[in-house]
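2 protein chains.
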Amino acid sequence: MSGRSEQIAATICEAILAHRLVPGAKLGERELAEIFEVSRIVVRQALIRLSEDGLVTVERNRGAFVAKPSLAEAVEVFETLTIVEQGVIAQLGNRPRTSLLTELRGNVERQKAALANGNEQLAGEFGLEFHDLLVALTRNRVAIELHAQLKRRARLLEALYRCDFDHCQLCDEHERLVALIDRKQWTRAQQLMDEHYRLVARGYRIDDEALLMQPLHLALGKPMKTPIAAVRKKGNGKHAQRITGGEA
Amino acid sequence: MSGRSEQIAATICEAILAHRLVPGAKLGERELAEIFEVSRIVVRQALIRLSEDGLVTVERNRGAFVAKPSLAEAVEVFETLTIVEQGVIAQLGNRPRTSLLTELRGNVERQKAALANGNEQLAGEFGLEFHDLLVALTRNRVAIELHAQLKRRARLLEALYRCDFDHCQLCDEHERLVALIDRKQWTRAQQLMDEHYRLVARGYRIDDEALLMQPLHLALGKPMKTPIAAVRKKGNGKHAQRITGGEA
DNA sequence: TGATCTGAAAGTGGATACCAATCTATCAGC
DNA sequence: GCTGATAGATTGGTATCCACTTTCAGATCA
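Chains as they are written, first to last, in my numbering: chain A, 108 to 355; chain B, 108 to 355.
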């Protein structure tokens, strides 16, 4: 927990990933400075960090906003996740540690159990974890961090496009993936991964539903000291918007 | 050309990639502020950007330094490049645009011509460009930017470890790679890519050779306007320094 | 002599105040 | 109702100040 700006960036990042801060939300320097009780400069440094990570866009002289990726960019993020994980599969051929597959199998079993209990929420989290475990098999911290960054951007998309997944099919594909890797059928595993992410992407629906914005104070879990600030958000509540359908 | 800190970050980045700033070099805020004629805060913002990119490490209360990756991390960077490009190859199966291979073929021809002329320097640059072109085939800007970032980190390694490449063999492998992609032999293409990067990695030699440090003024190509500044750097004029050979 | 302790200097991290440029929004006038 | 001017708000940046940490050199002591 070195720099204050790092902490603040982490807090904002967490709020974005938890969808307490929705895409397009204004991240005013002054307001954030009051919330975190720091100077504007520290806030700006935090926003710079977040913008380098792709979670925030900074428009000169206009301010920072939670990133609102276009549908085209959303597709590219998923495609890049596919690329990385297909590459990971290709690498597994070099590593004769078949024992590591037990981790993947354990994850699949946990997800199946969660589904059997009707716990979609938990199943969804296990589903995400599967892909982390897969990349973790490389024991390559650079690749793991790269993958984590892509996943953050994917999490952002969940807030922008309503998503409903067929967890049963996703879990089933995870199981088949493990089996293919176990049998060293790399090409088919890669093909399945591609189909898998296409299924995930199909779970996202373009949606007119309003993205309800909470005031920053609530989103960031800080007690609002100056009640005036809550009223400041003059713009409007309904940033609803239809993404002009890309090539998807 | 928006933010000043962006420009400064770009300038420092360029100097690092050109090896005018060697790994481990101290990037003092005050000194950089004088060189670029801005306040320290703008410099700090630039350093934050660079640290998020992995080219600079910031140690709390000690300052910023050009990143000096360990050999382990160097291996991970190359492995991650392999992963991404293997994934790209897997993706090419989805895209029936065989015409795009002409770009790759053109690059290989240019590199062969450069080699025939004995221009190793130029051949090396074409060799790097080949991998950019390969990733560009995906037409995926997210993937392209990811790849570019990895390549920046790889360029940093060139400065840290002496490297001498067998450009002939590298070029030959590029040619074989194109042929395999053309014949849609994805698995073998991926295997070749893996071997290819292992060959590249073998070109790097761990080396105790001193990394000669230039003063920042020269490295950043700025005329020193205030002759006082030249003296201010009281330490000494010879920032030369022998890097204590790491854990390699 | 050599090891350790101490204190000053330097550098980073951050706060505050201030200014210039720009964007925004309201309001007057046509 | 629309356009244009003006005033306010916000950002980008500077300068100055202070607190904290690291570092290094000199003093002290075994």
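No residue lacks a Cβ here, since even glycine has one placed at the ideal position from N, Cα and C.
Proximity of residue i and residue j at Cβ, strictly below 8 Å
i: A:Val163; j: A:Ile115; result: no
i: A:Leu263; j: A:Ile119; result: no
i: B:Leu128; j: B:Ala171; result: no
i: A:Thr209; j: B:Thr294; result: no
i: A:Arg111; j: A:Val145; result: yes
i: B:Glu159; j: A:Arg156; result: yes
i: B:Ala125; j: B:Val173; result: no
i: A:Asp301; j: B:Asn201; result: yes
i: B:Pro130; j: B:Ala266; result: yes
i: B:Tyr311; j: B:Cys270; result: yes
i: B:Asn214; j: B:Glu232; result: no
i: B:Leu253; j: A:Leu253; result: yes
Own chain, CB closer than 8 Å to residue i, minus 5 neighbours either side, in chain order
i: B:Leu257; result: Val184, Thr187, Leu188, Val191
i: A:Gly234; result: Gln218, Phe272, His274, Leu277, Cys278, His281
i: A:Arg137; result: Arg147
i: B:Ile288; result: Ile196, Leu199, Leu208, Leu211, Ala296
i: B:Pro423; result: Because chain B spans 108 through 355 in this model, residue 423 of chain B falls outside it and cannot be assessed.
i: A:Lys291; result: Gly200
i: B:Glu316; result: In this prediction, B:Glu316 scores a pLDDT of 46, lower than 50, which makes its location untrustworthy; no coordinate-derived value is stated.
Residue i: contacting residues in chain B (beta-carbon distance under 9 Å)
i: A:Arg259; result: The premise fails here: A:Arg259 is roughly 12 Å from chain B at the closest Cβ pair, so nothing lies under 9 Å.
i: A:Leu253; result: Thr187, Ile190, Val191, Leu253, Gln256, Leu257
i: A:Glu180; result: Arg248, Val249
i: A:Asp160; result: Glu159
Contacts around residue i, its chain only, beta-carbon distance under 7 Å, and the 5 residues preceding and following it disregarded
i: A:Leu222; result: Ala230, His274, Cys275, Cys278
i: A:Thr333; result: With a pLDDT of only 39 at A:Thr333, under the threshold of 50, the placement of this residue in the model should not be trusted; the figure read from the coordinates follows. Contacts found: Glu141.
i: A:Ala261; result: Val184, Phe185, Leu188
i: A:Gln198; result: Thr245
i: B:Leu299; result: Glu280, Arg283, Leu284, Leu287
i: A:Leu241; result: Glu192, Val195, Leu211
i: A:Gln228; result: none
i: B:Ile251; result: Val242, Ala243
Residues bridged to residue i (per DSSP)
i: A:Tyr311; result: A:Cys270
Partners in chain A for residue i, counting only beta-carbon separations shorter than 7 Å
i: B:Thr294; result: Trp293, Thr294
i: B:Ile155; result: Gln152, Ile155, Arg156
i: B:Gly310; result: Neighbours of B:Gly310 on chain A: none; closest Cβ ~19 Å, over 7 Å.
Spatial neighbours of residue i in its chain, beta-carbon cut-off 6 Å, leaving aside the 5 residues before and after
i: B:Gln297; result: Gln193, Ile196
i: A:Gln152; result: Ser112
i: B:Leu139; result: Val150
i: A:Phe143; result: Ile115
Where residue i meets chain B, residues with beta-carbon distance less than 8 Å
i: A:Gln218; result: Here the premise fails: no neighbours, minimum Cβ distance about 24 Å.
i: A:Ala250; result: Glu183, Glu186, Thr187, Ile190
i: A:Ile148; result: Ile148
Listed by chain order, chain B residues near residue i by CB distance under 7 Å
i: A:Asn247; result: Glu183, Glu186, Thr187
i: A:Gln114; result: Under the 7 Å cutoff, chain B gives no residues; its nearest Cβ is about 12 Å from A:Gln114.
i: A:Val195; result: Ile190
i: A:Gln297; result: Ala197
Where residue i meets chain A, residues with beta-carbon distance less than 8 Å
i: B:Asp301; result: Ala197, Gln198, Asn201
What residue ranges within the region 134-222 of chain A form continuous alpha helix (DSSP H) runs of no fewer than 4 residues, ordered along the chain? The region 134-222 of chain A contains these whole alpha helix (DSSP H) runs: 136-143, 147-160, 178-199.
Scan the region 223-308 of chain A and note each continuous beta strand (DSSP E) run of 3 residues or more that stays entirely inside, going in chain order. With a minimum length of 3 residues, no continuous beta strand (DSSP E) run stays inside the region 223-308 of chain A.
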